[in-house]
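Quick notes on the structure that follows.
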Amino acid sequence: MQESTSLLGFLLTAFLAGFASIFMPCIYPIMPMTVSFFTKQSQGTRKATFYGLSIMFVFGLIGLVATVFGAPFLNFISTHWIPNLIFFVIFIIFGISLLGAFEIVLPHNVVNNIDRMSEKGGLVGIFFMALTLVVVSFSCTAPFVGSLLIMAAKGEVWRPLWGMLAFGLPFGIVFTSLAMFPQWLKSLPKSGGWMNEMKAVFGILEFALALKFLSNIDLTYHFNYISRNTFLVIWIIIFAAIGLYILGILRLPKDSKVKKYNIPRVVFGTLFLAFAAYMIPGVSHGKELSLLSGLLPPKTIATTVADGSKLRDLPHELKGFYDYDDALAYSKEVGKPLFIDFTGYACANCRKMEENVWPKPEVLEKLKNDFVIASLYVDDKKELPKEKQYTSKYDDELKVTVGDKNMDLEIVKYNNNAQPYYVIEDSNGKLIVKQPIGYTSKEEFLKFLDEGISNYKKP
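Letter by letter, the sequence shown follows residues 12 to 470 of this note's numbering.
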């Protein structure tokens, strides 16, 4: 149930991101012209519907490409330093662009070739019209699309496809609806200064998103430069700046002075300032911030995980191992079942479980007293000693890092590649709860732990 809830939350985020992108300067101003094109034709509504579905299809193709490459590719783009650094740089560049420093445009020959194809008649021409819109809106939609693909990489392999279809769905709904009811166009606000301000707000938000990619590199490679507090301070500054900008207190050089305060301006400005204020206790008092579960770096950061033979600090003052074999040996020594936590530094749902479920008194007591814990990070980039590197039976690839080894164990032994993933074994490495679980509720997690304790005690 919780997995489906998590998927629904992701799809809702994708849908809202698609809806928000419609109001960006690359798309919004051309809506009236596009809709009027269809209303002047025979079967205009049918063609407009096909146009909207074509936009959705093109975005879906982007997700399908990511899906075809599969879990290893998705894990690579979400945890390796190269794609994370690329996304960091892209988001910074797009942010500066949206703030008006320069304009990002695709090569004219690419746009012109697609535009010429759109001049063909029939449904083929309409499809290329949709493709033209997606291409020319690249500078506005790319940050949304990039963020969604990174989010999708944390879940099951089909998420990129579902996510991009959900992202494209608002385009289909909006363009089809306006073609069916063209009088609605009159009620839409005209593009103008408000759109430039919206563009600037998204530009500043790009910097907040960029920090997340930099944090992923910092965590998976153990640089430990971006602590939880550092992350929070930067976000507080960014969101406070957005709030002050919306309220007209901060202005960009090309912006005009705010002369009139309407309700939306006051509401949104106040919301951003309130969110910045919400994060302050997280810095000053180390308070848990449930709204940011999964986004912030953890309070307890695993280090030197290549040497897993010693008990290490885990969240909430728990102790455990970062190596499966050492944890299994210790389980045999102390006579307790082995609780295996397949996790990741860049895994948002792992952090949510650790911050919202693990600290519950009844859960924490069982984890602390009744289990030996093995936290196995699948995205840890620390290299294994040469003598411990090996070629996997699963994909014939050389496993070089701690994360490679842990991911290979999860795939080969448990036929799973998503995180979090929780497994309970006896001291001989045999499953004693037949159905491992992933992201779930406190109640289901407790039932899972209780079943493990009960089955371990059986003769």
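From the three backbone atoms N, C-alpha and C, an ideal C-beta is built for every residue, glycine too.
Source: prediction; values computed, not measured.
**Message:** Quick test of your reading: E421 and N427, contact by CB under 8 Å. State the CB separation rounded to the nearest angstrom.
**Reply:** 6 Å
**Request:** Classify V434 as helix, strand or coil using the three-state DSSP reduction.
**Result:** strand
**Request:** Enumerate in chain order the residues of its own chain whose CB-to-CB distance from A221 is below 6 Å, with the five nearest sequence positions on each side excluded.
**Result:** F99, F102, I103
**Message:** If you follow the alpha helix (DSSP H) that T281 is in, where does it begin and where does it stop?
**Reply:** 274 to 295
**Request:** Output yes if chain B places a C-beta closer than 8 Å to the C-beta of Q446; else output no.
**Result:** In the structure shown, chain B cannot be found, because there is only a single protein chain.
**Message:** For F286, which residues in the same chain have their Cβ closer than 6 Å to its Cβ, ignoring the five residues on either side in sequence?
**Reply:** F250
**Request:** Can you tell me which of the three DSSP states T402 falls into?
**Result:** strand
**Message:** Would K210 and M35 qualify as a contact pair, given that the criterion is a beta-carbon distance under 8 Å?
**Reply:** yes
**Reference L339; option with closest CA among V383, L307, A359, E328** = V383
**Prompt:** Do G174 and L22 have their C-beta atoms within less than 8 Å of each other?
**Reply:** yes
**Asked** Can you list, in chain order, the residues of its chain whose CB lies under 7 Å from that of I73, leaving out five sequence neighbours each side?
**Response** V156, M175
**Item:** Delimiting residues of the alpha helix (DSSP H) encompassing D419
**Value:** 413 to 425
**Prompt:** Pick from C358, R239, I184, P326: whose alpha carbon is nearest that of F61?
**Reply:** I184
**Message:** Using the Cβ count rule (16 or more neighbours within 10 Å means buried), how would you classify D419?
**Reply:** buried
**Request:** Classify S452 as buried or exposed, calling it buried when 16 or more other Cβ atoms lie within 10 Å of its own Cβ.
**Result:** exposed
**Option in I228, I237, L255, R362 with minimal Cα separation from I97** = I228
**Request:** Just confirm the distance between the C-beta atoms of N466 and V444, as a whole number of angstroms; I'd bet it's less than 8 Å.
**Result:** 6 Å
**Item:** Beta-carbon contacts of G214 that lie in its chain and below 6 Å, excluding the five residues immediately before and after
**Value:** G106, L109, L110
**Item:** Residue range of the alpha helix (DSSP H) that includes L378
**Value:** 372 to 380
**Request:** Express the C-alpha separation of L144 and I38 in angstroms, rounding to a whole number.
**Result:** 8 Å
**Asked** Hey, how far is the Cα of A6 from the Cα of L306?
**Response** Because the chain is modelled from 12 through 470, residue 6 falls outside the range shown and cannot be assessed.
**Message:** In the DSSP output, what is Y388 paired with across the bridge?
**Reply:** T354
**Request:** Name the two residues that bound the continuous alpha helix (DSSP H) containing V100.
**Result:** 92 to 109
**Asked** Around the C-beta of V212, are 16 or more other C-beta atoms found within 10 angstroms, so that it is buried, or is it exposed?
**Response** buried
**Residues of its chain near S342, where Cβ-Cβ distance is below 6 Å and the 5 sequence neighbours each way are ignored** = L349, V383, S438
**Check: W92 C-beta below 7 Å from any heavy atom of the ligand MN** = This structure does not include the ligand MN; it has no bound ligands of any sort.
**Prompt:** Where do the N-terminal and C-terminal ends of the alpha helix (DSSP H) with L300 fall, by residue?
**Reply:** It is not in any alpha helix (DSSP H) - L300 carries neither H nor E in the DSSP assignment.
**Message:** Quick test of your reading: M67 and L172, contact by CB under 8 Å. State the CB separation rounded to the nearest angstrom.
**Reply:** At roughly 12 Å, the Cβ-Cβ gap does not stay under 8 Å, so M67 and L172 are not in contact.
**Asked** Among F283, E217, Y432, G355, which one has its Cα closest to the Cα of G254?
**Response** F283
**Item:** K271 - DSSP class collapsed to helix/strand/coil
**Value:** coil
**Message:** Quick test of the definition: if touching needs 3 or more C-beta pairs under 8 Å, does the stretch 321 to 328 touch the stretch 400 to 409?
**Reply:** no
**Message:** In this structure, how does DSSP classify I443 when only helix, strand and coil are distinguished?
**Reply:** coil
**Neighbourhood of F459 by C-beta, 8 Å cutoff - its chain only, sequence neighbours within 5 removed** = Y433, I435, V444, I448, T451
**Prompt:** Can you name, in chain order, every residue of its own chain whose Cβ lies under 8 Å from the Cβ of K410, other than the five neighbours on each side?
**Reply:** L395, Q400, Y401, T402, S403, K416, D419
**Prompt:** According to the neighbour-count rule (16 or more other Cβ atoms, all chains shown, within 10 Å of its Cβ), is Q430 buried or exposed?
**Reply:** buried
**Segment contact, 8 Å Cβ cut-off, at least three pairs: the stretch 228 to 241 with the stretch 294 to 310** = yes
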